[in-house]
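Below is one structure, written out as structure tokens; comments come after it.
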Amino acid sequence: MKPLTTPNEYAVEARNLTKTYTSKIRSPGSKTGIFRGGETRTVAALDHLDVKIKRGELFGLLGPNGAGKTTLVKILCTLLPPDGGTAVVNGFDVARQQMRVKESIGTLFSVGERGFFWRLSGYSNLEFFAAINNVPRSGRQQRIMEVLELVGLKDKAFEVFQKYSGGMKRKLALARALLGDPPILLLDEPTTGLDVTSSRAIRDFIKNDLSRKRGKTVLYTTHYIEEVSQMCDRVGIMNHGKIVALDTPEALKGMAKKGEVADIVVKNMSETQVNSLRTVGGVSSLATEVQNATLGQTRLRIRLENVDALPTVLDFFFREKIKLVNFRQEEPTLEDAFIELTGAGVSE
Amino acid sequence: MKLMQELDKVYYFMKRDIISFSTYKTNILLSVVSALFGALSYAFWGANASMPSVQNLGMPVVTYLLIGLAFNTYLSQSLTLVQRTINPWSLEEVLVSPTGLVTFIVGSSLWGFIWSTLVIVIYLAVGVLAFGVILSVNIIGTIIVVGLGIGTFIGFSMIGAGVLILTKQGDPVTTIITLATNLFGNVLFPISVMPFPLQIVSFFVPQYYFFTCIRPMLVGQAIGSILPDLAILGVMCAIILPVGYLAYAWCLKTARKNGTLSWF
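Quick mapping for you: the protein sequence lines, in order, are chains A and B. Position one of the first sequence corresponds to residue -9 (the working numbering), numbered consecutively onward. Position one of the second sequence corresponds to residue 1486 (the working numbering), numbered consecutively onward.
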């Protein structure tokens, strides 16, 4: 079957993509019994989304939880049909050429290790997935050992999967995505839940080996700002089912360059006081995060319109008798662009 | 080439299941022991029962019971085979691979069938070795009847699995079929011992035709003796199997559309 579109510079193209979920809400206050079904709520997971990813590009998709990142990945890998719009992967339409799309991609989901068979060895797991992914029988063993070596698991190939550490499980999931040597990799939060060392190892491998050395197109979703900032060629910031900004990490940082950022840790600040601070002149945005619940410490990341607004803000703390535990004045980062565009908290 | 590729996939589904299964040693032992004990209990009962109302069984009571018990276990296994393949996480991983639904169902079910067949052998071996049950198997007839029975039950199983994919817990189809089999299926007693209205219900239950056909085939009767019942079983299989497949495919498609595939 021929591709629906002429192969071009884009590995992934989504146009006007929409997806809506309907769910039942059963809140304690609602007058709905067990058999009454609850209230129906509709959520637009993707809202007329457009995105193009170039061939060979390492593309980061950044967004808070619920932004629609996983929905997009599931549509691109054919697991989820879109309600409207089109998506083309490697020149094949995800709705009409599913098998060709599946042959073009490798996928890793954030809970990918749960898709393995825990009583089998890493090798036996990959042998099964190689077979169902059409890796030719003749070169299968060699390919499995190649990908295991690539992700650094060759020595552990014949150990039972359930004895693997979290990092090893995620590496095996990455190895599985590489089995068919696909040109496009869809990696949905591949480092979520991993320790710092394992996370870095996986990120380095994706950037240096898969992207730079082997020229794979990678769609990398995450809610960790530092990840996309360090490794991606371009970053799309996603919120409420839309891409609200799309550019290189440097350019996105540039979007937030205007103004100043004050990163302050305070003690015992009430919700009312936080809301009052938002209205102080010169404060353009404010994100909060609990720093230490036991000590009553909250981290505030305050975007200021200019440096002249800083004395007014500090004056607010003195007036309200709020104790400052830590204070830093910084240039805006990608994190600030993210907060400004999504309205998310610091930790989201 | 394409067929070989699909058969290769089926083989690896089976290999995966055998390796997994072989690691649960206690479970294997318990399955064998339950089969032995189940066969022994019914065989003892059958060997010593005087059942004036079931004189026209066409075979000794012990043979009647053993065949009913053995193949009831077989059909029960078949009924849940497709359901047991629904692991929400690996289901997504399989669906994202270029593997068709038929290969997935056949591949995931094959080892379950083979194991169930081995369990039947245990049942029948107990009957033959310990109670002198004489079996004279009409091989072709048995294969046809078992094939149609499995086809029908796989159809039910796919409907049940489809319902489970949507409801996530609780599948009324399996429960109803199991109850219907035990009561109306001619499994452990002939339907002639039931009141007439209930006997009528049996005529709409495929299990009745399966057990009516399988027993004569295992005691060496000719296939011609069961032809009318076999034809009805064949028609039921021809309807239930594709309906089951379509129902399963529809439920899977609906769960994918709703994004609830992995919500278990």
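Backbone N, C-alpha and C define an ideal beta-carbon position, used for all residues, glycine too. These numbers come from a predicted model, not from an experiment.
Near residue i, what residues of its chain come up, given a Cβ to Cβ distance below 7 angstroms and the 5 sequence neighbours on each side ignored?
i          : result
Lys197(A)  : Leu48, Met221
Ala120(A)  : Arg130, Arg133, Ile134, Leu169
Ala1555(B) : Ile1605, Tyr1608, Leu1609
Gly46(A)   : Gly205, Thr207
Ser94(A)   : Val79, Asn80, Phe82, Pro172, Pro173, Ile174
Leu143(A)  : Gly112, Met158, Lys161, Leu162, Ala165
Using a 10 Å radius around the Cβ and a threshold of 16 neighbouring Cβ atoms, would you call residue i buried or exposed?
i          : result
Lys64(A)   : buried
Ser155(A)  : exposed
Pro1537(B) : Note that Pro1537(B) scores 49 on pLDDT, short of 50, meaning its location in the model is unreliable and no value can be drawn from it.
Asn265(A)  : exposed
Phe1688(B) : exposed
Ala283(A)  : exposed
Glu179(A)  : buried
Glu320(A)  : exposed
Gly1632(B) : exposed
Thr187(A)  : exposed
Glu325(A)  : buried
Lys(-8)(A) : Below a pLDDT of 50, predicted positions are generally treated as unreliable, and Lys(-8)(A), at 48, falls in that range; no measurement from the model is reported.
Met259(A)  : buried
Asp1785(B) : No information on residue 1785(B) is available, as it lies outside the stretch 1486 to 1749 that chain B covers here.
Arg293(A)  : buried
Find the residues of chain D that neighbour residue i, judging by a C-beta separation of less than 7 angstroms, and give them in chain order.
i          : result
Leu1580(B) : Here the protein chains are A and B, and chain D is not one of them.
From this set, the options, which residue's C-alpha is nearest residue i's C-alpha?
i          : options                                        : result
Met1750(B) : Gly1592(B), Gly1705(B), Thr1558(B)             : Limits of chain B in this structure are 1486 at one end and 1749 at the other, which puts residue 1750(B) out of reach.
Leu1609(B) : Phe1589(B), Ile1661(B), Tyr1549(B), Val1658(B) : Tyr1549(B)
Lys339(A)  : Ile174(A), Arg268(A), Phe328(A), Leu39(A)      : Since the first and last residues shown for chain A are -9 and 338, residue 339(A) lies out of range.
Val79(A)   : Pro54(A), Leu52(A), Thr61(A), Tyr0(A)          : Tyr0(A)
Ile233(A)  : Pro54(A), Asp326(A), Glu261(A)                 : Pro54(A)
Val1567(B) : Ala1524(B), Glu1577(B), Leu1492(B), Phe1638(B) : Phe1638(B)
Val1672(B) : Leu1620(B), Ser1561(B), Ile1724(B)             : Ser1561(B)
Gly1543(B) : Thr1659(B), Leu1651(B), Gln1706(B)             : Gln1706(B)
Leu1620(B) : Pro1545(B), Ile1513(B), Leu1726(B), Leu1515(B) : Pro1545(B)
Thr30(A)   : Thr212(A), Arg104(A), Ile312(A), Thr10(A)      : Thr10(A)
Leu267(A)  : Leu290(A), Ile192(A), Arg160(A)                : Leu290(A)
Thr302(A)  : Gly271(A), Lys203(A), Leu7(A)                  : Gly271(A)
Gln1490(B) : Glu1577(B), Val1658(B), Ala1615(B), Gly1585(B) : Gly1585(B)
Ser219(A)  : Glu240(A), Val91(A), Thr68(A)                  : Glu240(A)
Met110(A)  : Ile1503(B), Pro1691(B), Tyr1733(B), Asp1714(B) : Sequence inspection shows Leu at residue 110(A); the Met mentioned does not correspond to that position. Considering only alpha carbons, the answer is Ile1503(B).
Gly1744(B) : Thr1663(B), Thr1565(B), Gly1636(B), Lys1653(B) : Lys1653(B)
Could you tell me whether the Cβ atoms of residue i and residue j are closer together than 7 angstroms?
i          : j          : result
Phe1674(B) : Val1686(B) : no
Leu1700(B) : Ile1552(B) : Sequence check: residue 1700(B) is Arg here, not Leu. Going by C-beta atoms, Arg1700(B) is nearer than 7 angstroms to Ile1552(B).
Met1702(B) : Gly1626(B) : yes
Tyr1730(B) : Met1643(B) : yes
Phe151(A)  : Asn115(A)  : yes
Leu314(A)  : Val273(A)  : no
Ala4(A)    : Ala57(A)   : no
Phe82(A)   : Ser1505(B) : no
Ala165(A)  : Gly96(A)   : no
Arg318(A)  : Asp253(A)  : yes
Val297(A)  : Glu250(A)  : yes
Thr12(A)   : Ala35(A)   : no
Gly340(A)  : Tyr210(A)  : Because chain A spans -9 through 338 in this model, residue 340(A) falls outside it and cannot be assessed.
Ile1650(B) : Cys1736(B) : yes
What does a CB cutoff of less than 8 angstroms around residue i pick up in its chain, not counting 5 residues either side in sequence?
i          : result
Leu236(A)  : Val41, Arg224, Val225, Gly226, Ile227
Val1495(B) : Thr1588, Val1591, Gly1592, Leu1595
Asp185(A)  : Gly156, Gly157
Measure how close the beta-carbons of residue i and residue j come, nearest whole angstrom, since I'm counting them as under 8 angstroms.
i          : j         : result
Arg1741(B) : Leu70(A)  : 6 angstroms
Leu175(A)  : Lys206(A) : 5 angstroms
In its own chain, which residues sit with a C-beta less than 6 angstroms from the C-beta of residue i, not counting the 5 before and 5 after it?
i          : result
Ala1524(B) : Tyr1608, Val1611
Asp37(A)   : Gly231, Lys232
Met245(A)  : Ala327
Thr332(A)  : Pro54, Asn229
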